[in-house]
Amino acid sequence: MGTAVGGGRAVPRYVQIADEIVQQIRAGVLKPGDMVPSESELVDRYGVSGGTIRKAMVEVRASGLVETRHGKGSLVKARPPVRHRSSDRFRRSHRKGGKAAYLAESEQAGATAKVSVLFIGPADAPDDVAERLGVDPGSKVLARRRLYFRNGTPVETATSYLPWDVVKDIPELFSENPGPGGIYARLEDDGHVFAEFVETLQARPASKAESSELALSPGSPVVHLIRDAVTEEGRVVEVCDTLMAADQFVFSYRIPATD
């Protein structure tokens, strides 16, 4: 049979098979590092065609729980999620303690963090970034692009854009290591005291290039996050454009119930 009926609607057989494989991974029947059974094994197990199994594996890969290795099949990932605590990770106390936001949140999760700097230098502000920064499109800004690793696995890319008039007299911001507490600490040292960080998130499939950079299967889900760093004077002094492997992050927000 190609479908089953549940809740008044037909569920395609490939979806049922995908759900069962995903549940086996979540339950630990298939453990991190295990190979998912081959197409021929799954055909025999479920008594369906190879086409049905291939469609099921598309769904399994979309869960972000497996990665496909050319010529070897699909491997269960060892990528437990990091919890993002937005109410904690930008605390001034972390910066004063010498910890940038990513290092602080990784430490809270018991993970080993590493940051690889891909580019630091002048750039033309993209239109959307320029609007957020309150500068003209194409204005010169400082761009800082990084690739973040957790326990040796790439999990996030981020590019910070900062107004040139703000950064030109802060030499540490042009260095790979801006010093204890990261770029936010250096900005505050220069008098740009932060009032809030405003984040916008959107989930979408990764592009081919993004999948390669983050070591994901093609089309895996990612979270695109844009953050504005706003000072007490109301100026945005950094826009951070971030792409995150969706299976690596759980977002937890504290929202005050006030007028």
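Reminder that position 74 of the sequence shown reads as 73 in numbering that gives the first Met the number 0, one-by-one numbering, no gaps. For glycine and all other residues, C-beta sits at the position ideal for the given N, C-alpha and C. Computed from a prediction, not measured in an experiment: that's the story for all the values here.
Since residue i is in the beta strand (DSSP E), which residue starts that stretch and which ends it?
| i | result |
| --- | --- |
| Glu58 | Taken as a continuous stretch (DSSP letters only), Glu58 belongs to no beta strand (DSSP E), being part of the alpha helix (DSSP H) at 49-61. |
| Gln201 | 193-204 |
| Lys113 | 112-123 |
| Leu146 | 139-149 |
| Glu155 | 152-162 |
| Val235 | 235-244 |
| Val42 | Careful: Val42 lies outside any beta strand (DSSP E), inside the alpha helix (DSSP H) at 38-45. |
| Ala228 | 220-230 |
| Glu171 | No beta strand (DSSP E) contains Glu171, which DSSP labels as neither H nor E. |
At the level of alpha carbons, what is the spacing between residue i and residue j?
| i | j | result |
| --- | --- | --- |
| Ile225 | Ala9 | 39 Å |
| Glu187 | Cys239 | 17 Å |
| Pro121 | Pro220 | 31 Å |
| Glu232 | Leu215 | 40 Å |
| Ala256 | Pro36 | 49 Å |
| Val4 | Leu141 | With a pLDDT of 44 at Val4, under the threshold of 50, the predicted position of this residue should be treated as unreliable, though the coordinate-derived value follows. Approximately 57 Å, taken between the alpha carbons. |
| Met0 | Arg12 | In this predicted model, Met0 has a pLDDT of only 45, less than 50, meaning its place in the structure is not dependable enough to derive any value. |
| Ala228 | Glu195 | 6 Å |
| Phe89 | Gly181 | 11 Å |
| Pro177 | His69 | 39 Å |
| Glu40 | Ser48 | 11 Å |
| Arg144 | Trp163 | 16 Å |
| Glu38 | Arg60 | 14 Å |
| Ala208 | Glu58 | 21 Å |
| Ser206 | Ala245 | 14 Å |
| Asp189 | Glu212 | 34 Å |
| Ser71 | Arg253 | The residue asked about is misnamed: residue 71 is Lys in this sequence, not Ser. Each residue's alpha carbon lies about 43 Å from the other. |
| Ala202 | His223 | 6 Å |
| Gly27 | Val249 | 20 Å |
| Val236 | Val165 | 7 Å |
| Thr51 | Ile24 | 20 Å |
| Pro179 | Arg91 | 12 Å |
| Glu198 | Pro125 | 18 Å |
| Glu175 | Ala129 | 24 Å |
| Ser251 | Lys167 | 35 Å |
Could you tell me whether the Cβ atoms of residue i and residue j are closer together than 9 Å?
| i | j | result |
| --- | --- | --- |
| Val154 | Met56 | no |
| Thr156 | Leu117 | yes |
| Ser62 | Val21 | yes |
| Asp259 | Lys139 | This structure does not reach residue 259, given that the chain is present from 0 up to 258, and the question cannot be answered. |
| Lys76 | Leu64 | yes |
| Val114 | Leu161 | no |
| His191 | Arg234 | yes |
| Pro204 | Thr67 | no |
| Thr152 | Gln247 | yes |
| Thr241 | Thr158 | yes |
Name the two residues that bound the continuous alpha helix (DSSP H) containing residue i.
| i | result |
| --- | --- |
| Ala260 | Lying outside 0 to 258, the shown extent of the chain, residue 260 is not represented and no answer is given. |
| Leu186 | 181-188 |
| Arg253 | From DSSP, Arg253 is part of no alpha helix (DSSP H); its letter is neither H nor E. |
Can you find at least 3 beta carbon pairs, one from the stretch 167-175 and one from the stretch 126-138, that sit closer than 8 Å?
-> Touching, no, given that fewer than three Cβ pairs across the two stretches are closer than 8 Å.
Can we say the stretch 185-200 touches the stretch 30-41, given the rule of at least three CB pairs closer than 8 Å?
-> Flag = no, the stretch 185-200 and the stretch 30-41 do not touch.
Answer yes if the stretch 43-59 comes into contact with the stretch 10-19, meaning at least three C-beta pairs across the two stretches below 8 Å, and no otherwise.
-> The answer is yes - the stretch 43-59 touches the stretch 10-19, with three or more Cβ pairs under 8 Å.
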